[in-house]
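Contents: one structure, followed by commentary.
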């Protein structure tokens with residue numbers, strides 16, 4: 005029986021923990037830092053579990069779907085053009101109003 009394939013995009017504001025979640029899910033060691041702009045291009049990792057073949061995509065941080073930087077253009081274009089099966093919005097609980105703005109779009 006063939007595994008079902010899903011693509012999961014990790015989106016959210018810069019410096020919200022997306023790459024940390026990505027590293028934990030995929031077992032990779034992408035660079036993380038306590039400042040915005042560490043991830044400037046999308047990264048992909050693959051996980052196979054329980055009959056599922058998952059592609060996890062770590063997107064650069066963005067505050068909204070209206071891009072102002074090259075990193076935000078990369079994130080927006082991926083979300084709108086590639087249409088992943090699932091988008092997980094990683095939020096910073098210490099700044100909910102700003103973090104949830106992207107989720108409302």
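Numbering (the numbering used here), first residue to last: 5 to 109. By construction, the Cβ of each residue, glycine as well, lies at the ideal position given by its N, Cα and C atoms. Bear in mind the structure is a predicted one, so any value in this text is a computation, not a measurement.
Do residue i and residue j have their C-beta atoms closer together than 8 Å?
i, j, result
"residue 77", "residue 12", "no"
"residue 17", "residue 80", "no"
For residue i, which residues of its own chain have a beta-carbon under 8 Å away from its beta-carbon, when the five flanking residues on both sides are left out?
i, result
"residue 107", "93 and 95"
"residue 9", "56, 57, 58 and 59"
Go through its chain and collect everything with a Cβ distance to residue i's Cβ below 7 Å, but skip five positions before and after it.
i, result
"residue 25", "14 and 94"
When we look at the beta-carbon of residue i and count the other beta-carbons within 10 Å, is it buried (16 or more) or exposed?
i, result
"residue 31", "exposed"
"residue 28", "exposed"
"residue 62", "buried"
"residue 52", "exposed"
"residue 98", "exposed"
"residue 84", "exposed"
Considering only residues of the same chain and omitting the five flanking positions on each side of residue i, which have a CB-CB separation below 6 Å?
i, result
"residue 88", "11 and 13"
What's the gap between the Cα of residue i and the Cα of residue j?
i, j, result
"residue 100", "residue 71", "20 Å"
"residue 23", "residue 86", "20 Å"
"residue 90", "residue 33", "23 Å"
"residue 19", "residue 109", "19 Å"
"residue 73", "residue 21", "19 Å"
"residue 54", "residue 105", "34 Å"
On the premise that residue j lies in contact with residue i, defined as a C-beta separation below 8 Å, what is that separation, rounded to the nearest angstrom?
i, j, result
"residue 46", "residue 82", "6 Å"
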